[in-house]
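Residue numbers (the working numbering), protein chains in the order written: chain A, 11 to 542; chain B, 11 to 542.
Beta carbons are placed, not taken as given, at the ideal position from N, Cα and C, and that holds for glycine.
Computed from a prediction, not measured in an experiment: that's the story for all the values here.
There are 2 protein chains.
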Amino acid sequence: GKGAILLVNCDRDNPTAEEEDNKDTKLTSIQDLEDMSRMILTTQGPDEVFANYQLTLHISKADDDKVGVFYSQRKEQIYYKHILGSGKISYHVERNLGQVQTVFYVEGLKFPDINFSGLVTFHTSLLEPARKGVPETSLFTDSLVFRVAPWIMTPNTLQPVSVYVCSVDDNKDFVEHIRKLATKAGCNLIICPEEENRKDRWIQDEMEFGYTQAPHKTFPVVFDSPRNRGLNDFPFKKILGPDFGYVKRERSSKKSATTLDSFGNLEVSPPVTAKSKEYPLGRILIGASFPRNNSPMSQLVKDFLKSQVVQSPIELYTDWLFVGHVDEILSFVPAPDQKGFRLLLASPRACFKLLKEKEKEGYGKAKMPEGIEFQEDGRQPRSISEIIADGFLKKWNEYCQKCIDWNRNILKEELGLAEEDIIEIPQLFHPFLELPRSFVPQVITASAEAYFPDMVNMIVLGKHLGIPKPFGPIIDGQCCLEKEVRRLLEPLGLSCNFIDDYGTYYLKFGDVHCGTNVRRKPFSFKWWNMRP
Amino acid sequence: GKGAILLVNCDRDNPTAEEEDNKDTKLTSIQDLEDMSRMILTTQGPDEVFANYQLTLHISKADDDKVGVFYSQRKEQIYYKHILGSGKISYHVERNLGQVQTVFYVEGLKFPDINFSGLVTFHTSLLEPARKGVPETSLFTDSLVFRVAPWIMTPNTLQPVSVYVCSVDDNKDFVEHIRKLATKAGCNLIICPEEENRKDRWIQDEMEFGYTQAPHKTFPVVFDSPRNRGLNDFPFKKILGPDFGYVKRERSSKKSATTLDSFGNLEVSPPVTAKSKEYPLGRILIGASFPRNNSPMSQLVKDFLKSQVVQSPIELYTDWLFVGHVDEILSFVPAPDQKGFRLLLASPRACFKLLKEKEKEGYGKAKMPEGIEFQEDGRQPRSISEIIADGFLKKWNEYCQKCIDWNRNILKEELGLAEEDIIEIPQLFHPFLELPRSFVPQVITASAEAYFPDMVNMIVLGKHLGIPKPFGPIIDGQCCLEKEVRRLLEPLGLSCNFIDDYGTYYLKFGDVHCGTNVRRKPFSFKWWNMRP
Numbered sequence: 011g012k013g014a015i016l017l018v019n020c021d022r023d024n025p026t027a028e029e030e031d032n033k034d035t036k037l038t039s040i041q042d043l044e045d046m047s048r049m050i051l052t053t054q055g056p057d058e059v060f061a062n063y064q065l066t067l068h069i070s071k072a073d074d075d076k077v078g079v080f081y082s083q084r085k086e087q088i089y090y091k092h093i094l095g096s097g098k099i100s101y102h103v104e105r106n107l108g109q110v111q112t113v114f115y116v117e118g119l120k121f122p123d124i125n126f127s128g129l130v131t132f133h134t135s136l137l138e139p140a141r142k143g144v145p146e147t148s149l150f151t152d153s154l155v156f157r158v159a160p161w162i163m164t165p166n167t168l169q170p171v172s173v174y175v176c177s178v179d180d181n182k183d184f185v186e187h188i189r190k191l192a193t194k195a196g197c198n199l200i201i202c203p204e205e206e207n208r209k210d211r212w213i214q215d216e217m218e219f220g221y222t223q224a225p226h227k228t229f230p231v232v233f234d235s236p237r238n239r240g241l242n243d244f245p246f247k248k249i250l251g252p253d254f255g256y257v258k259r260e261r262s263s264k265k266s267a268t269t270l271d272s273f274g275n276l277e278v279s280p281p282v283t284a285k286s287k288e289y290p291l292g293r294i295l296i297g298a299s300f301p302r303n304n305s306p307m308s309q310l311v312k313d314f315l316k317s318q319v320v321q322s323p324i325e326l327y328t329d330w331l332f333v334g335h336v337d338e339i340l341s342f343v344p345a346p347d348q349k350g351f352r353l354l355l356a357s358p359r360a361c362f363k364l365l366k367e368k369e370k371e372g373y374g375k376a377k378m379p380e381g382i383e384f385q386e387d388g389r390q391p392r393s394i395s396e397i398i399a400d401g402f403l404k405k406w407n408e409y410c411q412k413c414i415d416w417n418r419n420i421l422k423e424e425l426g427l428a429e430e431d432i433i434e435i436p437q438l439f440h441p442f443l444e445l446p447r448s449f450v451p452q453v454i455t456a457s458a459e460a461y462f463p464d465m466v467n468m469i470v471l472g473k474h475l476g477i478p479k480p481f482g483p484i485i486d487g488q489c490c491l492e493k494e495v496r497r498l499l500e501p502l503g504l505s506c507n508f509i510d511d512y513g514t515y516y517l518k519f520g521d522v523h524c525g526t527n528v529r530r531k532p533f534s535f536k537w538w539n540m541r542p
Numbered sequence: 011g012k013g014a015i016l017l018v019n020c021d022r023d024n025p026t027a028e029e030e031d032n033k034d035t036k037l038t039s040i041q042d043l044e045d046m047s048r049m050i051l052t053t054q055g056p057d058e059v060f061a062n063y064q065l066t067l068h069i070s071k072a073d074d075d076k077v078g079v080f081y082s083q084r085k086e087q088i089y090y091k092h093i094l095g096s097g098k099i100s101y102h103v104e105r106n107l108g109q110v111q112t113v114f115y116v117e118g119l120k121f122p123d124i125n126f127s128g129l130v131t132f133h134t135s136l137l138e139p140a141r142k143g144v145p146e147t148s149l150f151t152d153s154l155v156f157r158v159a160p161w162i163m164t165p166n167t168l169q170p171v172s173v174y175v176c177s178v179d180d181n182k183d184f185v186e187h188i189r190k191l192a193t194k195a196g197c198n199l200i201i202c203p204e205e206e207n208r209k210d211r212w213i214q215d216e217m218e219f220g221y222t223q224a225p226h227k228t229f230p231v232v233f234d235s236p237r238n239r240g241l242n243d244f245p246f247k248k249i250l251g252p253d254f255g256y257v258k259r260e261r262s263s264k265k266s267a268t269t270l271d272s273f274g275n276l277e278v279s280p281p282v283t284a285k286s287k288e289y290p291l292g293r294i295l296i297g298a299s300f301p302r303n304n305s306p307m308s309q310l311v312k313d314f315l316k317s318q319v320v321q322s323p324i325e326l327y328t329d330w331l332f333v334g335h336v337d338e339i340l341s342f343v344p345a346p347d348q349k350g351f352r353l354l355l356a357s358p359r360a361c362f363k364l365l366k367e368k369e370k371e372g373y374g375k376a377k378m379p380e381g382i383e384f385q386e387d388g389r390q391p392r393s394i395s396e397i398i399a400d401g402f403l404k405k406w407n408e409y410c411q412k413c414i415d416w417n418r419n420i421l422k423e424e425l426g427l428a429e430e431d432i433i434e435i436p437q438l439f440h441p442f443l444e445l446p447r448s449f450v451p452q453v454i455t456a457s458a459e460a461y462f463p464d465m466v467n468m469i470v471l472g473k474h475l476g477i478p479k480p481f482g483p484i485i486d487g488q489c490c491l492e493k494e495v496r497r498l499l500e501p502l503g504l505s506c507n508f509i510d511d512y513g514t515y516y517l518k519f520g521d522v523h524c525g526t527n528v529r530r531k532p533f534s535f536k537w538w539n540m541r542p
């Protein structure tokens with residue numbers, strides 16, 4: 011039927027331990043025990059049978075790094091002995107006279123992965139002891155299969171629990187904005203201080219929050235990216251803890267991590283049905299490198315994600331963007347109707363349409379960015395008419411729209427979306443040219459960068475949205491881009507909060523989503539109820 | 011000592027013939043005969059010797075496609091017999107009694123090339139006829155070596171003879187400007203009509219004029235590029251003729267020609283001395299593709315150029331430019347002093363310096379392009395201050411300057427130039443992005459394109475320069491870019507004529523030099539006097 015489920019015991023219940031609980035063969039607390047599944051061996055029969063024959067619990071050699079089994083002979087005793095796994099593959103069960111049930115505690119050591127389906131089989135055998143010239147033989151064997159629970163990501167439509175943000179030298183106002191938004195949404199705010207973030211503000215990129223679940227227990231698990239910049243130690247040192255698990259995959263090769271390894275490039279859709287298949291936990295979205303020489307996301311990370319099975323990943327084309335993350339072009343927001351959400355897509359098409367309307371209405375001279383003191387790199391405010399008339403910008407954005415439409419088609423097909431499930435959020439991109447610092451003849455490649463703060467790169471906390479403030483043209487005292495986004499999203503019951511991230515994030519090639527992270531409640535749907 | 015010289019008989023003296031004179035084994039006119047070198051066989055000695063022994067003229071099998079030899083028994087006879095070459099490798103000389111001299115006429119069939127040093131050896135042997143059991147044996151052999159004359163390019167410092175330009179549907183004014191300039195310079199103007207150019211206006215790219223020279227004869231030779239666009243037939247059908255030779259090299263592989271195959275990408279310096287070596291005929295300059303996937307200039311063309319030896323080619327790095335031709339970044343003009351010329355280099359550095367001076371002087375609001383009605387692609391006039399403040403344009407031009415400086419160093423070293431031999435001509439470039447027409451995920455590359463008509467892309471007719479009109483900011487009634495160029499060049503006795511090529515050439519990615527071609531007088535220096 012449903013089978014039995016194991017959790018990877020990847021939290022750290024003992025605060026003085028140096029590693030996750032699945033990395034050692036100790037069991038020192040009731041909390042640790044609670045992460046384990048009980049395996050009960052029932053031995054009904056005449057006591058003589060068990061006196062003459064040896065009762066053995068055993069696993070295959072291949073599974074000895076996948077599970078750990080603990081056993082305590084006396085019920086009242088706190089000391090549990092490690093009897094299987096990590097080098098031990100069989101255990102001679104000591105049965106007291108008349109004992110019917112023997113209880114073992116089982117933990118998973120590894121999440122499903124490319125070489126591990128997640129299934130572990132236990133065998134119990136009644137052995138006739140070896141005699142002269144005759145080896146030990148099995149009289150009877152019974153088997154039990156466990157499935158190791160997957161790591162599950164949480165889409166924007168799930169209720170937020172905690173919001174994370176880094177405190178760096180210049181972002182006090184930004185942190186305050188996020189604090190207010192978190193309060194509105196009833197979330198906890200966790201600020202990662204500078205000594206822990208080491209001036210790395212991109213907390214979205216360092217880790218992805220998810221959870222793992224069995225019928226007896228559920229706990230959050232942070233997936234640590236192979237990005238390894240300033241925030242590298244934060245997930246392990248500050249998030250891993252009692253009932254908070256941790257998992258990491260490094261890069262496949264010895265090559266250093268690339269931008270596509272960042273977890274701003276790892277998102278998950280809300281529940282969908284596509285091509286007659288239900289995905290009640292949504293589908294993972296990762297941005298891929300089709301043609302650039304750039305290494306793609308670590309194969310080890312991709313293998314891990316795919317092996318969880320329940321959120322079958324989709325690869326999108328994001329390498330046309332300078333940074334190249336999926337969160338630069340899409341987001342999901344909850345909605346009260348239809349499929350329960352909308353897909354938001356960054357849209358040059360929608361932006362040019364809006365600007366042309368505003369020009370027609372006589373506002374061609376309104377400039378953007380408007381209201382920004384901070385100017386870097388000689389960027390100059392330009393009028394709506396100038397932007398519309400810039401043939402270079404127009405052609406470039408037509409190209410960007412083609413890149414987005416390429417992904418739009420994949421998303422419609424793989425997530426089973428209809429046109430009415432998609433909202434186009436006005437956005438322009440301009441080309442970023444990767445010029446060599448020390449000159450040698452080489453090819454210069456051009457990639458896309460948001461022309462103004464990238465509005466789809468938002469934080470979604472229930473119905474409260476934290477949207478990068480676009481600093482668009484002011485018309486009748488109001489930014490016409492903000493007005494348009496409100497027009498599109500407020501009818502869904504969403505509250506649009508525009509947050510100034512211009513100097514602190516946008517000019518450093520990221521926006522609100524890149525600079526925050528959210529832990530959410532698990533799905534109410536249980537993964538083991540998913541149809542194959 | 012000096013040895014004997016052969017000309018490649020690559021003109022076509024017979025107007026009704028279908029090919030160049032070196033492609034057949036006929037000799038039908040005195041003109042054709044005049045292209046040939048005389049080879050005199052002196053046979054002094056007792057007649058009996060020549061009666062008993064056979065006098066033979068012969069060449070090696072390897073040389074039979076390099077030379078042709080004609081012979082007429084009677085001096086007054088117009089009929090000359092083809093006796094050696096094209097399959098014939100030996101000829102039994104018929105000597106009349108008492109005849110001391112036998113005159114042969116020799117033509118070269120091929121220019122020096124990768125598998126042909128240019129040297130051809132003739133042998134004359136006195137043979138003892140074969141007798142029973144004894145094969146023909148040689149009593150005595152004498153040899154003579156000819157060198158085939160190279161194809162020689164003519165730099166801007168040589169006197170112009172004819173100017174070529176295409177007539178297309180929109181360039182009547184341009185043709186008139188070129189006519190006036192040619193008249194000033196005392197040159198002939200040859201207009202290639204539309205039925206011959208088939209709407210291909212880039213006559214610089216289709217062919218390169220040079221010459222070939224022997225002590226007895228000199229004639230121009232057009233080198234036809236493997237570019238093969240609308241003008242493809244023009245050099246063969248309209249330029250090849252009596253005393254006007256023709257040579258062509260195709261691409262090495264079956265790949266179609268690339269932009270680097272165009273002969274706007276093939277220039278030659280005036281005479282120079284570099285690293286203690288004299289180059290009295292200058293050195294050839296070709297633009298190469300270092301890193302782009304773009305195929306470089308045809309290897310067959312490069313091999314041909316190198317094999318001429320006398321103008322030892324230099325490869326420059328031009329692939330950072332969208333079109334990628336050397337004539338986009340450099341030109342040579344005659345000068346009365348120093349080395350007799352100046353190298354002109356396109357210079358973003360000089361341009362920004364000039365614009366900043368003008369801004370300081372209070373002209374920051376002056377715009378460019380100024381005076382242009384024709385606008386395409388939404389290009390908008392921008393003020394000096396806007397251009398200076400554009401950080402994107404600044405960074406791009408710093409990169410372009412690095413590319414130019416890379417070439418500047420090569421040119422200084424390989425042409426033995428000092429700083430005072432170089433004049434920097436103000437020029438800006440902007441990036442051109444090669445966007446896919448039909449969308450598939452792919453890398454977008456960025457290359458450089460002149461931001462205003464490219465002034466070094468000029469035609470040089472003696473001291474009369476035809477310079478692309480830059481349409482720069484007007485200050486005190488005068489274009490400040492034109493004024494600056496006059497300031498730089500007029501002290502050399504040069505006359506600057508700014509020609510409007512904006513809509514007709516510049517917006518189509520070329521300028522005056524690309525749209526014209528010049529045949530010049532040969533060097534007075536004879537190539538055979540060059541020191542090895």
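With respect to the C-alpha of A/I296, the residue from A/N238, A/E218, A/S286 and A/L364 having the closest C-alpha is A/E218. The stretch 35-123 of chain A is shown to contain whole beta strand (DSSP E) runs of 3 or more residues at 47-52, 64-69, 77-81, 91-94, 100-102 and 111-118, in chain order. Put simply, of A/G220, A/T222 and A/I201 the residue whose alpha carbon is nearest the alpha carbon of A/W212 is A/I201. Note: A/L241 is not bridge-paired with any residue in the DSSP secondary-structure output. Put simply, the stretch 70-87 of chain A touches the stretch 107-116 of chain A. At least three CB pairs are less than 8 angstroms apart.
Identification of residues in the stretch 385-404 of chain A having a C-beta nearer than 9 angstroms to some C-beta of chain B yields E386, D387, G388, R389, Q390, E396, I398, A399, D400, G401, F402, L403 and K404, given in sequence order. The beta-carbon of B/W416 is placed less than 8 angstroms from the nearest beta-carbon of chain A. In terms of Cα proximity to A/H187, the closest of A/F519, A/S286, A/F462 and A/P478 is A/P478. Boundaries of the alpha helix (DSSP H) around B/Y409: G401 to L425. Runs of the beta strand (DSSP E) lying entirely within the stretch 486-527 of chain B, each at least 3 residues long, are 505-509 in chain order.
In the three-state scheme derived from DSSP, where H, G and I count as helix and E and B as strand, A/E429 is classed as helix. For A/K285, the three-state secondary structure derived from DSSP is coil. The secondary-structure analysis by DSSP pairs B/Y327 across a beta bridge with B/A298.
Against chain A, the CB of B/L445 has a partner CB under 8 angstroms away; the residue lies at that interface. Within chain B, no C-beta atom comes less than 9 angstroms from the C-beta of A/A356; the nearest is roughly 17 angstroms away. For B/F300, the chain A residues whose C-beta falls within less than 8 angstroms of its own C-beta are P451 and Q452, listed in chain order.
The three-state secondary structure of A/K248, taken from DSSP, is helix. Among the residues facing chain A, B/T455 is included, as its CB has a counterpart in that chain under 8 angstroms away. Of all residues in the stretch 423-444 of chain B, only P441 and L443 come within less than 7 angstroms of chain A when Cβ atoms are compared, listed by chain position. Close CB contacts of B/S322 within its chain, under the 8 angstroms cut and outside five residues either way in sequence, are with Y289, R293, I294 and K316 (chain order). Taken through DSSP and simplified to helix, strand or coil, B/C361 comes out as helix. Bounds of the alpha helix (DSSP H) holding B/K312 are Q309 to S317. Cβ-Cβ distances below 7 angstroms link B/P281 to Y289, P290, L291 and G292 in the same chain, with the five nearest sequence neighbours on each side left out; the list follows chain order.
Put simply, the CB of A/W161 is far from chain B, with every gap to its CB atoms at 8 angstroms or more.
Within 10 angstroms of the beta-carbon of B/E28 lie fewer than 16 other beta-carbons, which makes it exposed.
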